[in-house]
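First residue of the sequence shown: 7, per the working numbering; consecutive thereafter. Glycine included, C-beta positions come from ideal geometry on N, C-alpha and C. Quantities reported herein were computed from a predicted structural model and do not represent experimental measurements.
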Amino acid sequence: MKTIKYLGLLSMLLICSNIYAKLPPSSTKLYQKVAKGCKTVDITKWSHPNKELLEKNQFKVQQIQLCNKDTYPIFIGVTQYDLTYPPNVAYAKRFFTDLAQTNDKSSYAFVDSVSQKIFYVNVKRNPFKVTYEHANYE
């Protein structure tokens with residue numbers, strides 16, 4: 007009975023998180039300065055190593071956009087963790103590095119639509135190095 011109660015609470019939490027999820031507005035730095043000519047990808051038909059990695063890390067994908075002549079993806083969805091909270095920063099760094107590897111060692115943006123944080127992930131190819139910064143929706 008306890009399990010059913012907890013599953014009910016978890017379902018309610020997921021429903022609430024989707025209610026409060028908000029896509030980044032066009033007035034953000036992401037769309038004003040970084041990403042141009044974005045096209046939304048049909049995620050039901052999307053097949054890419056990134057998909058498996060996002061699912062493995064329990065990222066609920068809401069939308070994927072390809073920008074800058076299809077060279078700069080934006081992954082928009084809901085994360086299970088606050089990636090800016092100090093105990094989670096090491097996890098975030100590993101996750102962003104793994105995602106950069108499966109993204110052909112290219113830069114990208116990662117958006118948590120519930121916390122309304124945009125992570126700008128910058129990738130240097132040789133030697134391979136991943137850095138990131140984040141900002142709230144402005």
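- Taking 9 Å as the cut-off, the Cβ atoms of Ala141 and Thr34 count as close.
- In the same chain as Cys73, and ignoring 5 residues on each side of it, the C-beta atoms closer than 7 Å to its own belong to Ala41, Lys42, Gly43, Cys44, Ile80, in chain order.
- Assignment of Gln122 by DSSP, reduced to helix, strand and coil, places it in the coil class.
- In this chain, the alpha helix (DSSP H) harbouring Ala96 covers 95-108.
- In the displayed model, Pro133 falls within coil according to three-state DSSP, outside both helix and strand.
- Looking at the DSSP output, Val67 bridges to Gly83.
- Taking the CA atoms as reference points, Lys130 sits about 25 Å from Tyr143.
- Excluding residues up to 5 positions away in sequence, Ala98 lie with their Cβ nearer than 6 Å to the Cβ of Leu89 in the same chain.
- One thing to note: Leu36 has its Cβ within 9 Å of the Cβ of Ala115.
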